[in-house]
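To start, the structure itself, in structure tokens.
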Amino acid sequence: MKEKVHSEKAPKAIGPYSHAVKTNGFIFTSGQIGIDPSTGNLREDIVSQTKQVFQNLANVLEEAGSNLDKAVKVTVFLKDLQDFQKVNEIYATYFTGVFPARSAFQVAALPVDALVEIEVVAEV
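And the structure:
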């Protein structure tokens with residue numbers, strides 16, 4: 073059985089998808105970009121977008137009964153791989169203990185011209 077997860081503290085979906093789906097003891101988030109849910113606007117630069125992405129992910133995971141410390145897999149999509157080090161430094165501040173497995177890719181484009189998008193698989 074799968075359960076839709078929706079957080080009022082995360083930006084509204086810009087397509088036909090759920091913020092996350094909870095099933096079999098895991099939460100699978102949709103990719104989050106650096107949109108501030110209070111304004112609906114994309115943050116300005118890679119640092120502020122990355123921090124907003126993690127806040128959005130934390131809010132979605134909280135709604136699902138989890139948190140970033142329970143993340144087991146993270147996928148990072150970057151518009152420019154030159155931003156990898158900045159994202160990596162911020163990323164390291166959001167996890168404690170055993171870091172989740174991770175993949176990172178440069179992609180041709182992201183929704184609303186975002187610089188970074190991140191998705192998470194976490195335990196409930």
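Under our numbering, the first residue of the sequence shown is numbered 73, with each subsequent residue one higher. Here a beta-carbon is modelled for each residue, glycine too, at the ideal position from N, C-alpha and C.
Fill in: At least 3 beta-carbon pairs within less than 8 Å: the region 132-148 vs the region 166-181
yes
Worksheet item: Between the beta-carbon of residue 145 and the beta-carbon of residue 173, is there less than 8 Å?
Response: Position 73 of the sequence shown, counting from 1, holds the residue named residue 145. Position 101 of the sequence shown, counting from 1, holds the residue named residue 173. Against a cut-off of 8 Å, the Cβ pair of residue 173 and residue 145 comes out as a contact.
Worksheet item: Can residue 105 and residue 189 be called in contact, C-beta distance under 8 Å?
Response: Against the sequence shown, residue 105 aligns to sequence position 33. Against the sequence shown, residue 189 aligns to sequence position 117. Yes.
Discussion item. If you reduce the DSSP assignment to three classes, tell me which class residue 107 lands in.
Written reply: Position 35 of the sequence shown, counted from the first residue, corresponds to residue 107. It is a strand residue.
Discussion item. Between residue 119 and residue 94, how many whole angstroms is the CB-CB distance? I'm expecting something under 8 Å.
Written reply: Within the sequence shown, the letter at position 47 stands for residue 119. Within the sequence shown, the letter at position 22 stands for residue 94. That pair is no contact at about 30 Å.
Fill in: Where residue 194 falls, given that 16 or more other Cβ within 10 Å makes a residue buried
Walking along the sequence shown from the start, residue 194 turns up at place 122. Result: buried.
Worksheet item: Rounded to whole angstroms, how far is the Cβ of residue 83 from the Cβ of residue 107, which I believe are closer than 8 Å?
Response: The count along the sequence shown starts at 1 and reaches residue 83 at position 11. The count along the sequence shown starts at 1 and reaches residue 107 at position 35. Rounded, the Cβ-Cβ distance is 4 Å, consistent with contact.
Worksheet item: Which runs of the alpha helix (DSSP H) fall wholly inside the region 129-190 and span at least 4 residues, in chain order?
Response: 156-165
Discussion item. Here's the rule: buried if 16 or more other CB atoms are within 10 angstroms of the residue's CB, otherwise exposed. What is residue 79?
Written reply: If you number the sequence shown from 1, residue 79 lands on position 7. When all chains shown are included, residue 79 counts as buried.
Worksheet item: For residue 272, is the classification buried or exposed, using 16 other Cβ atoms within 10 angstroms of its Cβ as the cut-off for buried?
Response: No answer is possible for residue 272: the residues shown for the chain start at 73 and end at 196.
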